[in-house]
Every structure is written in C-alpha cells, then in structure tokens.
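Trainee: Taken in sequence, the protein lines are chains S and E.
In this text, residue positions in the first sequence follow the numbering used here: the first is 350, and each later residue adds one.
In this text, residue positions in the second sequence follow the numbering used here: the first is 350, and each later residue adds one.
Using N, Cα and C, we set each Cβ at its ideal position, and we do this for glycine too.
Number of protein chains: 2
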Amino acid sequence: MEKRATIKDVAEAAGVGVATVSRVLSGGSASPRTREHVLAVAAQLDYRPSALGRNLRQRRTGGMGLLVPDLTDTFYGQLAEGVLACARSTGEPVVVGSTGDDPEQESELIGMLLEQSVDRLIAVPTGDAETWAPAVRAGMTVVFADRLPARPAEEEQQDAVDDLMRLDGLIPAARPRPPEVPSVLADDRAGIRTAVRYLRGLGHRRIAFLGGPGHDRRVAAFREAVGAPVDEELVVFATGSRDSAYAAASGLFQSRPDLTAVVAGGNVLGEAAVLAARELDLRVPRDVSLVMYDDVPWAELCSPPLTVIAQPGRDMGYRAAELVLRPGGRRPRTVVLPTELIIRGSCGPRR
Amino acid sequence: MEKRATIKDVAEAAGVGVATVSRVLSGGSASPRTREHVLAVAAQLDYRPSALGRNLRQRRTGGMGLLVPDLTDTFYGQLAEGVLACARSTGEPVVVGSTGDDPEQESELIGMLLEQSVDRLIAVPTGDAETWAPAVRAGMTVVFADRLPARPAEEEQQDAVDDLMRLDGLIPAARPRPPEVPSVLADDRAGIRTAVRYLRGLGHRRIAFLGGPGHDRRVAAFREAVGAPVDEELVVFATGSRDSAYAAASGLFQSRPDLTAVVAGGNVLGEAAVLAARELDLRVPRDVSLVMYDDVPWAELCSPPLTVIAQPGRDMGYRAAELVLRPGGRRPRTVVLPTELIIRGSCGPRR
DNA sequence: GTGAAAGCGCTAACAC
DNA sequence: GTGTTAGCGCTTTCAC
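Right under this line is the structure:
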C-alpha cells in the first residue's frame, strides 16, 4: 500500500505550479509544450487525481444516486443495468440503494445521499411528494423512472374528474400537468389498454387487475380501459413482497372464481399469479387468461409462455441517466417510452 | 435550494469551537452540558455533517464498492440485495458497478473506485490476479463473493495434481491454499457432487456440464464427481451473455444427442438450456434431465419446475458486506456457505 | 473539557 | 500562459 501521488507531487516533479497541472488534466489552456511535459510526468508518477479533493472543492460528489424498490425484481435489474451502462460511459460512480418499497427507507436513503452530497438522483419513487421534498429543496437534480410519487388527494380528484370528462369526449386528452421533476415512464395507459382490448376481444368480461406499489397509473388505465362500472372486487393490491403478491393472487382467485382473465401489474405479481393458479388447479389459459406487465427472460420459459406487456427497462434506465446528467432546457422533460403487447400462450378465449 | 449549515455555523451559533462540535457529534469527550447544548443547536439548524469534508480529511470514502457481472441475472440481484441490506443498516453508501463479465470493464471500474478513494470492495471477480493487483496494491480491503479470480496456470496444474492424489486417497483433503483475499463462496463442490450423484442414481451416464464465466470451480467439481475419463465434448462453455448461453446449449444438444442429462452452471445457462431443449423438441425430463445452479423464483414456474442447486445469494452478499466492513483478525477468512439440492420435476430416470 | 490551527487534494480567482 | 493563494468542511493534534 504505497500512498498515491498528489497533484503537488506532479507539479514539483514537472517544475510547474499545481494550477497548471490541474488545467492540463482538465483540458484547460496550456502551451502544448507544458501540456505534454506535465502529462508525461503525471503518467510516469502514475498519478490519478483524487475525487476527494475535487468533490470538496466543488461541494458536490460526481456521479449519481439510484434508488430502486428491489434488485431481485428483474425489471429493476434491467433498469439498473441501463443506468450503470450510461454511467460507465462517462466514468461516473453510481450509489445504489434498495428501498423495499418502503417510504421510510427511501427517506433514509435520500438522507444518506444528501450527506454524501450526491446531487443527482434517479429514483423509482415509493414515498409521496412529502418524502421527496427534502431532496428537491436541497437542490438535487432528480429524475423519476418507471413511476411518479403518489400525489396529494386533491390532485387525484381533479384527475378523476378529468378522466370522466375525457371519457365523455369533453376534453381531448390528458390535461397537461406541469411536472416538477423530469421522468422516464413507460406508456402504461397504452400498454394496459392494448392488453385489456386484447382480452375483451377474446371474449373476456370479468377481468381482474393485480396491482403492487406504484401501480396507480396502471390501475387508472385499467379502470379506463375496462369502462365503468368497474367491479371493485376485481382490483386487488399487494405490497412489494413476493409473499404478499402470492396472497393477493390466491385470495383473488378464491374470492372470485368467476373471473376469466387477470392483468398482473408487474412481473413479481405475474409470477405470483402463475403460482397461485397452479396451486388452485386453475389451468392457464383454459381456466384463466393472464397478461403480465414486464417482459422478462423467464416469461418465455413458463408453460404456457406468458403473454406480456413489454416495457424497455434497460432503455428507461439509460435515458434516465442521460437526463440526470444533462438536465435539459428550461422546463423538465418527461420521456414516455412505448410498450408492446407480446402475445405468447397465456391467453385464450373465454370458456 | 438553501445551502446547508456547516460545522462552523453550528459552532458559532452554540458559542463553542468547531472541534467541540466535531467531538460531540462523533461521540468524543465533552461535558454533558455542552454536549446537550450543541446537539440542540445542531438539530435546530438542521445540521447534517458533510461526508465531503470528512472524506477528504480521512483520505477515504466511507462505504464500499460492489462489482457484479450482471444485475439482470437474478442471482446477482439477490447478492446485491444482501450487500445493500447490510450497508443500509450502517448507513453506508454502496457504489455499484456492472462488469458484464469483461475483465477490461472490471479494470476500469476498479480504477474509478480508486479515484473515488473507495477502499472497501466486494466483487464477483471476472479478471485474473493481474486485474486485481492494482486494487490490492492500493490497499483496498477486497472481499470476493461467489467466485475467485482465475489463477496463474502453474497453480492450476498443482491443483490438478492435488485432485488426482485426492482421488487416489493419497492426501486427505484439499491442500490449504493461502487466500490473499477473504471471500464468501457457496460450497460448489458439494452442490455439484450431490447433483451428479442424484443424476447417476437416476441411471444417467452421459451427463453434460454447461458452464459460464467463473464456473471453473464448478467444472472442476463436475469432473471430479463424474470421474475420469470425462467426455470432453460434454463440457461446454458460454460467455456471459444470454445469446451465447443459448448457442452453447443448443450446440451441445445438437452435437451430442446421446446425452441424457445436463447440469447448468448458473441460472442464465439453465434458462438457455430449457429454451434450447424446447426448440429442438427435447422433452424435459423425458428426453433430457436438467439440474440448474441457483434457485430463482421462476425455477418453480417452469414446466416442469426445475430441480436446482440452491445457494444463498442474499446471505452471501450480506456476509461479504460484513466481512469487508470489519476485516476479521490476522489472516483473511473464507466463508463457505452450504448449497442444497432442491428436487422438483426436471429430472427423470434415463430412458 | 475546550479552542485554535493545521491541513487533507483539489479548483478557481487573481495577479503577473 | 502560468504561478500563487485562498479556501471547500471536516478531524485531529496540541496547547491551555
């Protein structure tokens, strides 16, 4: 463990001032002659600038933070890979935290990042606006991915009103809601709509939705696609854990044996649905059709292979990282990536 | 974006010196009276010590680095969750990098961590000893997880000799090889041995091994368990990618239609084997039996459900993090965690 | 028990 | 173009 050369060492060895070394290394102005000389000396001394000094001086850590609910969920694994790929190309460090879909843990992790002066953060948010206030107040550049924080009740109500009006054709499209924070989302509305239409086309009428944390936009889209009145018993929620997902799926199948199709809001929920169906001797797709959000490698391994709503997890991560690295123009940008219904074998005609 | 209070602000507001504030906050000696006062003032100012100053002063970043091959591989997702869980309990940041099983990328990521002065690192290594020399030389505390770096050829030869002697009962057990670096591994030898014995018990004689990067210990165990002479055509390797895994599996099935069982060295390879078998109209387990390393949630969803060698990914990560946080006594510790053969439905008697 | 002061390695004013 | 210098926020001697 030999101690590293500092900028001062390089300056002395090269017979120049530290500022010159700093300039040369960060591409500032310097005569070609000195530049070359300094570079040579630095290389010879195996000098690597320390991020420590730079960070303190600039009062900010380079790189970015990344907060996801659970890295054993393949979709978040894909998302994380996208972020890491982008960060790798710029040599930036990424501090990763797993929230377990718990706002409290999320809050603590935000605090940790603040303490580290990480001022760029990509997050799949779990808490609401209040949870995120400290980060925003501290001036962090935040980009949300995959979903948005839950919003206050009054806003939700306004949305509901909007949705109704939209149904009635009173307003053409979603009212623009000024996003405080840029985000990268999948086109949940289109994805869910396509899936529900597909199921209806197969004759299904009692379609259930199996949701998890952060799936509010997906449920909303589901309600809209199914059309009022929605059978509320067919919309059930689980918390983030696999156990909870299984319990929710199993409970749903048992309480409503009359349902003929289910849309799982995420791959963990889809997994649970397959498991629960098998346990209850329900055949897919003979007894129940299944569409799962997220295309994951194992969807094809199931039997029958699962029909899925694919969303580009890796791309979402990559785009989010790009966005957080150079915060686009004046107002925050929201990127919506397309989804695709991939029809495999888990849906059949209503019996 | 209000700027944060510094230790100096607290000191002034409390009418004490900065040293006192520092002491109080890091549990040093101070009179109960001052302690309480300082704490109150700090709380009132919403003071959060900046890691930047501390890091520079101590010439090291807190927290740790984590290098894995691929976060979309569920096993590494589990491992990462374990590491993050441990780090969360201590409030430490974790800088994560994904190597893609590429020594060059690994090398660059090590460089990045060095530049950040991250001096604790947990890694699923991809490169060899040479790749890891810089980290060790710089005095990093490294803990390897899941596997060890490839070692120089002469050592491998010595191992081969040892293995032969062991087979002949000339020496009782593995010769102790002084590990330079502590590590957390699964008991690959026992896992593979159990699986092979199980397959042999079912009557299988032509058993193949489908390996990936870093599976050398597993192959070695496979060779040992199968016993000489090993049919070399039945031992094939893929690189880290899913495509390569599929190609290897497919090639294996086609070139050796006489094989009756295959052991996949990891879950990505198992996935590929299932896919390739299906494509070639091979029925599992009727035509070919399959055992996969790694228990992942979707193993149960396959049909038939996959028989697996389970290793505790999350625990491995957690233990590795513990190890890297307090580097145990004098000599480096190696922790070996047990594996378990979980028999489901992908193995049947030889036809 | 407490305060003053010296840096940790770097960047950015500012002077030359 | 280049050198000098003043910190960034913190911990840690060293006096008192």
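Tell me where the alpha helix (DSSP H) around E:Arg359 begins and ends.
Mentor: Sequence inspection shows Val at residue 359 of chain E; the Arg mentioned does not correspond to that position. From DSSP, the alpha helix (DSSP H) with E:Val359 extends over 356–363.
Trainee: Quick check: the Cα distance between E:Pro418 and E:Ala472, rounded to an integer number of angstroms?
Mentor: Approximately 9 Å, taken between the alpha carbons.
Trainee: If you pair each beta-carbon of the region 661–681 of chain E with each one of the region 423–431 of chain E, do three or more pairs fall below 8 Å?
Mentor: Short answer: they touch.
Trainee: Are the Cβ atoms of S:Val445 and E:Leu415 separated by less than 9 Å?
Mentor: In contact: S:Val445 and E:Leu415 (Cβ atoms closer than 9 Å).
Trainee: When you compare the CB positions of S:Asn398 and S:Leu374, do they come within less than 9 Å of one another, or not?
Mentor: Just to set this straight, residue 398 of chain S is Pro in the shown sequence, not Asn. Taking 9 Å as the Cβ cut-off, S:Pro398 and S:Leu374 qualify as a contacting pair.
Trainee: Nearest CA to the CA of E:Ala621: which residue from E:His386, E:Leu690, E:Ala648?
Mentor: Nearest C-alpha to E:Ala621: E:Ala648.
Trainee: Do S:Arg469 and S:Val673 come within 9 Å of each other at the CB atom, strictly closer than that value?
Mentor: Their beta carbons are under 9 Å apart, which means S:Val673 touches S:Arg469 by this criterion.
Trainee: Going along the chain, which residues of the region 389–401 of chain E sit with their C-beta nearer than 8 Å to a C-beta in chain S?
Mentor: Listed by position along the chain: Arg397, Pro398, Ser399, Ala400, Leu401.
Trainee: Name the chain S residues that come within less than 9 Å of E:Glu620, Cβ to Cβ?
Mentor: Pro646, Trp647, Glu649, Leu650, listed in chain order.
Trainee: Quickly, what does DSSP pair E:Ile658 with across the bridge? List them, please.
Mentor: According to DSSP, E:Ile658 bridges with E:Tyr642, E:Leu690.
Trainee: Along the chain, where does the alpha helix (DSSP H) containing E:Arg437 start, and where does it finish?
Mentor: E:Arg437 -> alpha helix (DSSP H) spans 423–439.
Trainee: Classify E:Ile356 as buried or exposed, calling it buried when 16 or more other Cβ atoms lie within 10 Å of its own Cβ.
Mentor: Under this definition E:Ile356 is a buried residue.
Trainee: Output yes if chain E places a C-beta closer than 9 Å to the C-beta of S:Gly697; else output no.
Mentor: No, S:Gly697 lies away from the interface with chain E (no Cβ there is under 9 Å from its Cβ).
Trainee: Taking all protein chains shown into account, decide if E:Ala360 is buried (16 or more other Cβ within 10 angstroms of its Cβ) or exposed.
Mentor: Buried.
Trainee: Below 8 Å on C-beta distance, what does S:Gln660 contact in chain E?
Mentor: None at all; the shortest Cβ gap to chain E is about 14 Å.
Trainee: Using 8 Å as the cut-off, can you tell me whether the region 619–636 of chain S makes contact with the region 626–635 of chain E, which would need three or more C-beta pairs spanning the two stretches below that distance?
Mentor: No: the two stretches stay apart, fewer than three of their Cβ pairs being nearer than 8 Å.
Trainee: Return the residue from the list E:Thr475, E:Arg486, E:Pro483 that minimises the CA-CA distance to E:Phe493.
Mentor: Here the closest residue by C-alpha is E:Thr475.
Trainee: Identify the continuous alpha helix (DSSP H) that holds E:Thr490 and give its terminal residues.
Mentor: Note, E:Thr490: premise wrong, no alpha helix (DSSP H); beta strand (DSSP E) at 490–494.
Trainee: Step through the CB atoms of chain S and report whether any lies within less than 9 Å of the CB of E:Glu430.
Mentor: Closer than 9 Å to some Cβ of chain S, the Cβ of E:Glu430 qualifies, so yes.
Trainee: Rounding to the nearest angstrom, what Cα-Cα distance links E:Leu608 and E:Ala597 in this structure?
Mentor: So the two alpha carbons sit approximately 14 Å from each other.
Trainee: Between which two residues does the beta strand (DSSP E) carrying E:Gly446 extend?
Mentor: Segment 443–447, the beta strand (DSSP E) holding E:Gly446.
Trainee: Which one or two residues does DSSP pair with E:Met413 in a beta bridge?
Mentor: Looking at the DSSP assignment, E:Met413 forms a beta bridge with E:Val443.
Trainee: Which residues does DSSP pair with S:Ala610 in a beta bridge?
Mentor: Paired residues: S:Ile556, S:Ser638.
Trainee: Exposed or buried, what is E:Asp395 when buried is set at 16 or more other beta-carbons lying within 10 Å of its beta-carbon?
Mentor: Exposed.
Trainee: Show which residues of chain S have a CB atom less than 8 Å away from the CB atom of E:Thr423.
Mentor: In chain order: Thr421, Thr423, Gly426.
Trainee: In whole angstroms, what separates the C-alpha of S:Ile658 from that of S:Ala569?
Mentor: The straight-line gap from Cα to Cα measures roughly 16 Å.
Trainee: Tell me which residues share the same chain as E:Arg372 and place their Cβ nearer than 8 Å to its Cβ, disregarding the 5 neighbours each side in the sequence.
Mentor: Ser378, Ala379.
Trainee: Are the beta-carbon atoms of E:Glu529 and E:Val467 separated by less than 9 Å?
Mentor: No; because the gap between Cβ atoms is not below 9 Å, this pair is not in contact.
Trainee: Quick one: does E:Leu433 have its CB under 9 Å from some CB of chain S?
Mentor: For E:Leu433, the answer is yes, since a Cβ of chain S falls inside 9 Å of its Cβ.
Trainee: Where does S:Val530 fall in DSSP's three states?
Mentor: S:Val530 falls in the coil class under three-state DSSP.
Trainee: Under 9 Å Cβ-Cβ, which residues of chain S neighbour E:Gly446?
Mentor: Correct list: Leu433, Ala436, Arg437, Pro442, Val443.
Trainee: Reducing DSSP to helix, strand and coil, say where E:Asp537 ends up.
Mentor: Here E:Asp537 sits in helix by DSSP.
Trainee: Please classify S:Val370: does DSSP put it in a helix, a strand, or coil?
Mentor: DSSP places S:Val370 in helix when its eight states are reduced to three.
Trainee: Using a Cβ-Cβ cut-off of 9 Å, state whether E:Glu457 counts as contacting chain S.
Mentor: Yes - at least one Cβ of chain S is within 9 Å of the one on E:Glu457.
Trainee: Label E:Asp422 either buried or exposed according to how many other C-beta atoms from any shown protein chain fall within 10 Å of its C-beta, with 16 as the threshold for buried.
Mentor: Classification of E:Asp422: buried, given that the 10 Å Cβ count is 16 or more.
Trainee: Is E:Ser611 near E:Val645, with beta carbons less than 9 Å apart?
Mentor: Before going on, a small fix: residue 611 of chain E reads as Val here, not Ser. Cβ atoms of E:Val611 and E:Val645: not closer than 9 Å.
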